[in-house]
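K.L.:
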Amino acid sequence: ISDRSLAQKTLCPDSKTYLGEHYNTHSLFGWSQTAPTFHVAQQATGKRAFVLSRSTFVGSGKHGGHWLGDNFSRWKDMHQSIIGILEFNLFGIPYIGADICGFNYNTTYELCLRWMQLGSFYPFSRNHN
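Be aware that the sequence shown starts at 1, since it is given in the UniProt record's numbering, and climbs by one per residue.
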């Protein structure tokens with residue numbers, strides 16, 4: 001979460017929902033879309049489906065990957081992508097990646113070059129600048 005509050009732009013973590021406290025169910029919505037999408041796509045094609053989500057929950061790694069979301073073309077964001085990828089690996093989501101070279105702002109040649117080098121080690125790698 002870096003420098004933001006856990007409750008920023010969402011419900012208070014102590015709020016109650018039908019399934020329990022919001023703190024424990026915040027990203028359940030992402031899982032509830034990823035799992036059925038994976039199964040329907042697999043049934044339709046007869047092959048393993050590719051599902052990528054920006055919202056994941058415990059167990060989501062079985063059905064799809066995670067994209068770290070829109071980032072910025074800054075060195076700080078490149079460094080934070082390493083932490084984000086390692087964290088999601090620890091959460092059981094091995095297929096993870098960030099927008100190489102950043103998404104917001106224009107990148108520099110040096111930053112994009114270094115980020116492409118780093119991105120060769122991302123499980124999910126794409127340049128989205």
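Note that beta-carbon positions come from the ideal geometry of N, C-alpha and C, so glycine has one too.
How big is the Cα-Cα spacing for Ala-98 and Asn-71?
P.N.:
By 1-based counting over the sequence shown, the position of residue 98 is 98. By 1-based counting over the sequence shown, the position of residue 71 is 71. Their Cα atoms are separated by approximately 8 Å.
K.L.:
Can you find the residues in the same chain that come closer than 6 Å, C-beta to C-beta, to Phe-57, ignoring five residues on each side of it along the sequence?
P.N.:
In the sequence shown, counting from the first residue as 1, residue 57 sits at position 57. Contacts found: Ser-27, Leu-28, Gly-30 and Trp-31.
K.L.:
Can you tell me the Cβ-Cβ gap for Phe-38 and His-63, rounded? I've got them flagged as a contact below 8 Å.
P.N.:
Translated into the one-based positions of the sequence shown, residue 38 becomes position 38. Translated into the one-based positions of the sequence shown, residue 63 becomes position 63. Rounded, the Cβ-Cβ distance is 4 Å, consistent with contact.
K.L.:
Ile-85 and Ala-122 - do their beta-carbons sit closer together than 8 Å?
P.N.:
To locate residue 122, count along the sequence shown from 1; it is residue 122. To locate residue 85, count along the sequence shown from 1; it is residue 85. It should be pointed out that residue 122 corresponds to Tyr in this sequence rather than to Ala. Going by C-beta atoms, Tyr-122 is nearer than 8 Å to Ile-85.
K.L.:
Excluding the five sequence neighbours on either side, which residues of its own chain have a C-beta within less than 7 Å of the C-beta of Arg-48, listed in chain order?
P.N.:
Position 48 of the sequence shown, counted from the first residue, corresponds to residue 48. Counting only Cβ-Cβ distances below 7 Å, and skipping sequence neighbours, we find Gln-42.
K.L.:
By the DSSP assignment, the alpha helix (DSSP H) with Gly-46 in it spans what residues?
P.N.:
Stepping through the sequence shown from its first residue, residue 46 is reached at position 46. Segment: none, Gly-46 is in no alpha helix (DSSP H) and carries neither H nor E.
K.L.:
According to DSSP, what are the bridge partners of residue 146?
P.N.:
Residue 146 lies beyond the residue range present for the chain, which begins at 1 and ends at 129; the question has no answer from this structure.
K.L.:
Gly-65 lies in the beta strand (DSSP E); which residues open and close that run?
P.N.:
Reading the sequence shown from its first residue, position 65 is the one you call residue 65. Note, Gly-65: beta strand (DSSP E), 65-67.
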